[in-house]
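Notes follow the structure.
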Amino acid sequence: MPKYVYDFTEGNKDLKDLLGGKGANLAEMTNLGLPVPPGFTITTEACRHFLTEGRLPDGLEEEISRHLSALEAKMGRRLGQADDPLLVSVRSGAKFSMPGMMETVLNIGLNDESVHGLAKQSSGNERFAWDSYRRLIQMFGKTVQGIDGELFDDALEALKAGRDDLDLEAADFQRLVETYKGIVRDQTGEDFPADPHRQMRMAVEAVFRSWNAPRAILYRRQERIPADLGTAVNVCSMVFGNCGMDSGTGVAFTRDPGTGHQGVYGDYLQNAQGEDVVAGIRNTLSLQELERIDKPVYDELMQIMATLENHYRDLCDIEFTVERGKLWMLQTRVGKRTAGAAFRIAVQLAEQGLISMDEAVTRVTGDQLAQLMFPRFAGDADAKKIAKGMNASPGAAVGKAVFSSERAVELADRGENVILVRRETNPDDLAGMIAAQGVLTSRGGKTSHAAVVARGMGKTCVCGAEELEVSTQDRSFTAPGGVVVNEGDVISIDGSTGAVYLGEVPVVDSQVVEYFEGSGDHEDELVRAVDRVMRHADGMRRLEVRANADNAEDAARARRFGAQGIGLCRTEHMFLGDRRQLVEELILAETDAERERALEALRPLQQGDFVELFREMKGLPVTIRLLDPPLHEFLPDCTELSVKVALAGDRADEKDLKLLAAVKRLHEQNPMLGLRGVRLGLVIPGLFAMQVRAIAEAAKAVEGTRAEIMIPLVAAVQELESVRDEARAILAETGVEALVGTMIEVPRAALTAGQIAEAAEFFSFGTNDLTQMTWGFSRDDVEAAFFSRYLELGVFGVSPFESLDRDGVGRLVRLAAEEGRRTRPDIKLGICGEHGGDPDSIHFCHETGLDYVSCSPFRIPVARLEAGRAALVRTDSDTR
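Quick note on the working numbering: the sequence shown kicks off at 1 and runs consecutively.
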């Protein structure tokens, strides 16, 4: 029979798959001899069984009973014992940190009898005992019994009547317990469960169920955490931070998760339990204040923090409780951090000798680098600053103020930028936080829910702006000086300084973009860290990184950003604007002479385009795709032209009549699967020859050119051979050497890649079209139609246009790569769809043995970094 329960003394930090991150780290701290309250962990295997079968696995309850008995013997008290109760917490703990997304229940074991025993334990502290009891009913009712949490919140606010929670007395909490029990009775039809063992069982099942709570599913999707991992459950003997002013609870980081700077960083709240800190219900004290309040505890905490950082070799996020002057460690994990902090910390640790530069590169991600490239507020902007809070997560965010998660989602779905404004956020606000450009709260510290989740998502966040009076009911907030901001008013927030501005503040390029452009301050600490990581990643990567660029401006930026060539030049973009007239003449040509005149008019223009690209990329490969889209895209809209001709009647222009006839002749039910790509080159004589000749003449004009001619939409080797032979003849005639290859974007091409490689010197996988054709849907039509529903149902973990579908499209890519190399061992393999700039897809390209990825110029640094990481880490590594 599987072992489903592990004592904290039995596990270690390497058992995260089985014990979850929290359980594995509690065990590790126990092994290190740190002060951890005794307890045990129920494994993720038990959770998966419960979610699959709808019941606890056989033997689990007996295992829990054995471990509970051992815990009771160790503590000298029994769970819920009337005169001297043992109380426990029941907390979630998945492999990857999901802050606030799943459930926790504290003070399990309290009832109408044991509450008096708890008061006796605490030297007659009745207030503490009844406060703990009301917390149990409140958390249990909301978490386990599914009661609307606002019912409990409203009852507490009514009792406080303007007082702070520290002003409430034992009698107040005793009355609140009765009120809460009444709420439970009214909402469930049953009394609050008094049996401590039933409380614990129900809490364990609730934690298991919370793995599939909507907010947990949404968070996993956002963070790309697999849905089949499940959560462990940690049962831990309670220690109490709400015993009085000599007690408290806190969250600490071994380095600043916002900036990466070393130093004491964290929040502490006297006379409180752990949830009070992250919920932001009271503004916290700094850890420096703890030194003043209780120096021995502070000194011990500093020593433990140093021990943990050296042991984990990384920034550690720590939760602790002080119970009557005794320090207890409740959790540690590798802390979430901002993108800037991630780069600074990785390089700091490498320079301190705690990790290697190889490992430093694996500690940062392309997504984090992309965040650092987002714009920031202009330093000299003439903006009206109306408040200042804590700089919880950096960035520059501008948008309309909204005061509910639902409204944020609604406006964002309409394409509007919003800032979510709350007194404090809670896990139910996750959808709004994802939709918003940034988050602003009037309560809470840098370790509050809003701050932790925003940092994890890379969202701009300002917390604890106490000057703001936020009214979610009126959908407004009031700033000092009587400034009122209503829903829909534009505000700007600066997550780097904590400043809040009225109106829109202009933004400028980030210092990291300036660095890549060659104009940044190399003495800046962040720029120095990024530079060191990028240089090491470039030295480690096997994949080349090219750019998708269609003009000289994009090519120049791409080269500054480190591109090693152009992997995709789309020639159709060169036929737009003023040149559309010449394309119309080509389409309307009725004789060979008319068609040749139109092509000859286009050729020098094309040649000029290519000369500019070759000059910018001198010495580097430039892959030019011959004309790909259907010709109807270059003609007027059929309906508009029909109306124009109809209104003109007998006076209709002859050209309009010809155009209308051409539009109708070229009309296709599904033009994306019609006359386009290589088919155009075979049906319209001279079209591809004109383009190849323009490429050849441009290559002759620019010394050092390495041209590559790519033939699109090939599905059969015979198509490719026909165009290749024509191209080869022109290249020979002009005395130019160039590779001739094809774009693999049709499933049949992937399946017959061995044959196609006989005629192709390179493959470039066009994964945009390959994804459309493999899945059988058009991106333009379906993303808005049903993708959101597919994401909700788990059909997609992420859009297949955002990250490569490894199982389907990826399998075709892998097959084509293998068969292509079997036919032509020296064939060059690359990818030029949008996946070329997606981190996970880049790792797939590395694993599959491709030679290069190609992406938009702005994504080149991301691709360079991820290509380096791909050479150093497995794709399933725990680097989240």
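Glycine is no exception: its CB is placed at the ideal position from the N, C-alpha and C atoms. The model shown is predicted, which means the values in this text are computed figures rather than measured ones.
- Between the C-alpha atoms of Ala547 and Glu708 there is a straight-line separation of about 14 Å.
- Here DSSP, grouped into helix, strand and coil, assigns Arg215 to helix.
- Residue burial annotation: Met245 is exposed, with fewer than 16 other C-beta atoms found within 10 angstroms of its C-beta.
- Sequence-distant Cβ neighbours of His846 in its own chain, meaning closer than 7 Å and more than five residues away, are Arg542, Leu543, Ala867, Ala870 and Ala871.
- By a beta-carbon distance limit of 8 Å, Gly458 contacts Asp367. Their separation comes to about 7 Å.
- Setting aside the 5 residues that flank it on each side, Arg824 is surrounded in the same chain by Ala757, Glu758, Ala760 and Glu761, each with a C-beta closer than 8 Å to its C-beta; the list follows chain order.
- Residue ranges of uninterrupted beta strand (DSSP E) with 3 or more members, entirely inside the segment 672-745 and ordered along the chain, are 706-711 and 739-744.
- Where Tyr852 is concerned, the enclosing beta strand (DSSP E) starts and stops at Tyr852 to Cys855.
- The three-state secondary structure of Gly325, taken from DSSP, is coil.
- Secondary structure at Arg77: coil, using DSSP grouped into helix, strand and coil.
- For the segment 497-545, the full-length beta strand (DSSP E) segments reaching 3 residues or more read 499-502 along the chain.
- The secondary-structure analysis by DSSP pairs Tyr133 with nothing; it has no beta-bridge partner.
- Counting only unbroken stretches of 4 or more residues, the alpha helix (DSSP H) elements lying wholly within the segment 749-828 are 753-756, 767-775, 779-782, 788-793 and 809-823, in sequence order.
- Contact annotation: Leu136 and Leu110 have beta-carbon atoms nearer than 8 Å.
- For Ser210, the secondary structure class from DSSP, reduced to helix, strand or coil, is helix.
- According to DSSP, residue pairing for Glu319 in a beta bridge involves Val251 and Gln331.
- As computed with DSSP, Phe377 is found in a beta bridge with Val507.
- By alpha-carbon distance to Ser856, the top candidate from Phe765, Ala549 and Asp112 is Ala549.
- Contact check for Gly340 and Thr254: beta-carbon distance about 17 Å, past the 8 Å limit, so the pair fails to qualify.
- Rounded to whole angstroms, Glu291 and Asp267 show a C-alpha spacing of 12 Å.
- Within the DSSP secondary-structure output, Pro621 pairs in a beta bridge with Arg706.
- Ranked by Cα distance from Leu770, the options Val809, Leu673 and Phe374 are led by Val809.
- The beta carbon of Glu300 sits closer than 7 Å to the beta carbons of Leu327 from its chain, once the five residues preceding and following it are set aside; these are given in chain order.
- Under the three-state reduction of DSSP output, Tyr268 falls in the strand class.
- Under the 10 Å beta carbon count, Leu420 is surrounded by 16 or more other beta carbons and is classified as buried.
- The three-state secondary structure of Glu467, taken from DSSP, is coil.
- In this structure, DSSP gives Val90 an extended state, which the three-state scheme calls strand.
- Every beta strand (DSSP E) of 3 residues or more that sits fully in the segment 33-79 is shown, in chain order, as 39-42.
- In terms of Cα proximity to Gly565, the closest of Thr321, Ala593, Gly704 and Glu416 is Gly704.
- Lys459 carries a coil assignment under DSSP once its states are collapsed to helix, strand and coil.
- Between Val453 and Leu468 the beta-carbon gap is near 20 Å, outside 8 Å, which marks them as no contact.
- Ser519 counts as exposed, since fewer than 16 other C-beta atoms from the protein chains shown sit within 10 angstroms of its C-beta.
- With fewer than 16 other CB atoms across the displayed protein chains lying within 10 angstroms of its CB, Ala729 is exposed.
- Contact between the segment 643-654 and the segment 593-612 is not established, with fewer than three Cβ pairs separated by less than 8 Å.
- Of the candidates Ala817, Ala82 and Cys832, the residue whose Cα lies closest to the Cα of Asp826 is Ala817.
- By the Cβ-count criterion, Phe516 is buried, with 16 or more other Cβ atoms from all chains shown falling within 10 Å of its own Cβ.
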